[in-house]
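Colleague: For what it's worth, the UniProt record's numbering labels the leading residue of the sequence shown as 1, then goes sequentially. Virtual Cβ for every residue (Gly too), placed ideally from N, Cα, C.
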Amino acid sequence: MSDVARRAGVSRATASYVLNRTPGARIPEQTRARVLEAAEQLRYVPHVNARSLRRGRSDLVVGHVDGASVLRQGLSFVGLIQVARDIREAGYTFLFHGDPTVTGVAAARSWLALRPAAVLATLDRYTEESVAMITAAGTVPIAMSHTPSDLTPTIVLDDGPLGRAAAEHLLGRGCRRIVALGGCPGMADQHMLGHRMAEAVAAARAGGAEARQVPFSPGREAATGLVGSWLAEGTLPDGVVGATTTHAAHVLTALVDAGVRVPQDVAVLAADDEPLAELVRPRLTTVGADLDVGEARMGAAVLAAIDGRWDPDLAVRRFPARMVVRETA
1 MSDVARRAGV
11 SRATASYVLN
21 RTPGARIPEQ
31 TRARVLEAAE
41 QLRYVPHVNA
51 RSLRRGRSDL
61 VVGHVDGASV
71 LRQGLSFVGL
81 IQVARDIREA
91 GYTFLFHGDP
101 TVTGVAAARS
111 WLALRPAAVL
121 ATLDRYTEES
131 VAMITAAGTV
141 PIAMSHTPSD
151 LTPTIVLDDG
161 PLGRAAAEHL
171 LGRGCRRIVA
181 LGGCPGMADQ
191 HMLGHRMAEA
201 VAAARAGGAE
211 ARQVPFSPGR
221 EAATGLVGSW
231 LAEGTLPDGV
241 VGATTTHAAH
251 VLTALVDAGV
261 RVPQDVAVLA
271 ADDEPLAELV
281 RPRLTTVGAD
291 LDVGEARMGA
301 AVLAAIDGRW
311 DPDLAVRRFP
321 ARMVVRETA
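(1) Classify V227 as buried or exposed, calling it buried when 16 or more other Cβ atoms lie within 10 Å of its own Cβ.
(2) Given this structure, state the Cα-to-Cα distance separating H250 from L60, to the nearest angstrom.
(3) With G305 and A118 assumed to form a contact (beta carbons below 8 angstroms), what rounded beta-carbon distance in angstroms separates them?
(4) Roughly how many angstroms lie between the CA atoms of D124 and A222, to the nearest whole one?
(5) When the Cα atoms are used, what is the spatial distance from A289 to G163?
(6) So who's on the other strand from F216, going by DSSP bridges?
(7) Distance, Cα to Cα, A107 vs S130?
(8) Going by the CB atoms, is the gap between A13 and V4 shorter than 8 angstroms?
(9) Taking the straight line between their C-alpha atoms, what separation do you get for A211 and R326?
(10) Between E168 and G138, how many whole angstroms is the CB-CB distance? I'm expecting something under 8 angstroms.
(11) Whole angstroms are fine: how far does the CA of L236 sit from the CA of L314?
(12) Would you kindly work out how many angstroms separate the C-alpha atoms of F96 and S110, rounded to a whole number?
(13) Hey, does G91 have any beta-carbon neighbour from chain B nearer than 8 angstroms?
(14) Let me make sure I understand the geometry here. Which of D311, G225, A180 and V105 has the alpha-carbon closest to that of A248?
(15) Have a look at the DSSP bridge pairing and note the partners of H97.
(16) Between Y126 and T152, how many whole angstroms is the CB-CB distance? I'm expecting something under 8 angstroms.
(17) Quick one: grab the DSSP three-state call for R43.
(18) Going by DSSP, what residue range makes up the beta strand (DSSP E) through M133?
(19) Identify which residue in E40, Y92 and V35 has its Cα closest to the Cα of G63.
(20) State buried or exposed for T244, treating a residue as buried only when at least 16 other CB atoms are found within 10 Å of its CB.
(21) On the CB-based measure, 16 or more other CB atoms within 10 Å of its CB, does I178 come out buried or exposed?
(22) Let me know the beta strand (DSSP E) ranges lying completely inside the stretch 240-272, each 3 residues or longer, listed in chain order.
(23) Determine whether the beta carbon atoms of I134 and L114 lie at a separation below 8 angstroms.
(24) Hey, out of L303, D307, R297 and V256, whose CA is closest to V280's CA?
(25) Would DSSP call T286 helix, strand or coil?
(26) Is the separation between the beta-carbon of A277 and that of A267 shorter than 8 angstroms?
(27) By a C-beta neighbour count over all protein chains shown, 10 Å radius and 16 as the cutoff for buried, is L42 buried or exposed?
(28) Using the beta-carbon count (16 or more within 10 Å), is G225 buried or exposed?
(29) Could you have a look at G172 and say whether DSSP puts it in helix, strand or coil?
(30) Taking D158 as part of the alpha helix (DSSP H), name the residues at either end of that continuous run.
(31) Please report the straight-line C-alpha distance between I27 and A203, rounded to a whole angstrom.
(32) Measuring alpha carbon to alpha carbon, tell me which residue in R6, A200 and H195 is nearest L171.
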């Protein structure tokens, strides 16, 4: 720090204000640029322990967002980078932590070993015991889920509009026997995808249709068996909503293989929009969403929780739904 100040021709305090992004510090832009240039020339790296002592806590925010959780939550990697940027601009360091094998107390121990100021993870990673452990250590636990939770401050990722839009599209086509395909009971994707499927069923029933949610783990054999049972039992629906493009694509393929006409006999669509939708035949109708909407709010919500300013009403992110009509519905 002293070397940077000397090269920039400023006081050590001024260099500290610039390099630590001290809120409220009034530094002329020319001076700020000179300090940053000196830091770059000297390859200055902040001392993490010193910054932690100055703050009275770590400046690290751990984001437990392994790839599977990210996809199931409907997050975009670009959005998470935006969150990390917002947190970094506030003077913190955002660390991605992606071990998919830990949850509960085991996860808490793993996170706390890093001494973070806060942890951001999907709700299924937390338990009452782990939240108590994290809080007792002075770290702020923050969850992400599709519905609010009393367990810990939760950023709500409301993907219900995707399910509702899918059901309403099928109702508009005249479908009256609608099946919503979600995840398998007891598995993480059921927790993540269940909200949008529950909303699809509720919207279908509100529109006068018979609707039910069917657990389904995407796979060729599972899809073939499901369609075979519908045909054998005479329970073939006239509308199918897949929680994801993968869910819908497997059932679509099984229907076509069984000689069922799509969309004449059964309309099929997915409550998300992945590139796979353009690759299957017939091309799959989907519900798209703007995943970048509200990312800045997520960053602000994390910072508010760290600063003790948590407001649940400001921690809700809704996905605007838009139909992408192709050939299956």
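Modeller: The structure says:
(1) When all chains shown are included, V227 counts as buried.
(2) Rounded to the nearest angstrom, the two C-alpha atoms are 42 angstroms apart.
(3) The residue asked about is misnamed: residue 305 is Ala in this sequence, not Gly. Yes, they are in contact, since the Cβ atoms of A305 and A118 sit about 6 angstroms apart, within 8 angstroms.
(4) Rounded to whole angstroms, D124 to A222 spans 26 angstroms at the Cα level.
(5) So the two alpha carbons sit approximately 11 angstroms from each other.
(6) Beta-bridge pairing links F216 to no other residue.
(7) So the two alpha carbons sit approximately 8 angstroms from each other.
(8) Not in contact: V4 and A13 (Cβ atoms no closer than 8 angstroms).
(9) Taking the straight line joining both Cα atoms gives about 23 angstroms.
(10) Between E168 and G138 the beta-carbon gap is near 47 angstroms, outside 8 angstroms, which marks them as no contact.
(11) Distance between the alpha carbons of L314 and L236: 43 angstroms.
(12) Note on geometry: alpha-carbon atoms of F96 and S110 lie some 13 angstroms from one another.
(13) The chain labelled as chain B is not found in the depicted structure, where only one protein chain is given.
(14) Cα-wise, what sits closest to A248 is A180.
(15) In DSSP, H97 forms a bridge with H64.
(16) About 6 angstroms; that satisfies the 8 angstroms criterion.
(17) DSSP places R43 in the coil class of the three-state scheme, outside both helix and strand.
(18) Here M133 belongs to no beta strand (DSSP E); instead the alpha helix (DSSP H) covers E128 to A136.
(19) For G63, the closest C-alpha among the options E40, Y92 and V35 is that of Y92.
(20) Buried: at least 16 other Cβ atoms inside 10 Å.
(21) It is buried - the Cβ of I178 has at least 16 other Cβ atoms within 10 Å.
(22) Taken in chain order, the complete beta strand (DSSP E) segments of 3 or more residues contained in the stretch 240-272 are 267-270.
(23) The criterion of a C-beta distance shorter than 8 angstroms is not satisfied by I134 and L114.
(24) It is V256.
(25) Here T286 sits in strand by DSSP.
(26) Against a cut-off of 8 angstroms, the Cβ pair of A267 and A277 comes out as no contact.
(27) Around the C-beta of L42, fewer than 16 other C-beta atoms lie within 10 Å, and the residue is accordingly described as exposed.
(28) With fewer than 16 other beta carbons inside 10 angstroms of its own, G225 counts as exposed.
(29) The answer is helix: DSSP assigns G172 an H, G or I state.
(30) Unbroken run through D158 is the beta strand (DSSP E), T154 to D158; no alpha helix (DSSP H).
(31) Going by the C-alpha atoms only, they are around 55 angstroms apart.
(32) Of R6, A200 and H195, the residue nearest in Cα terms is A200.
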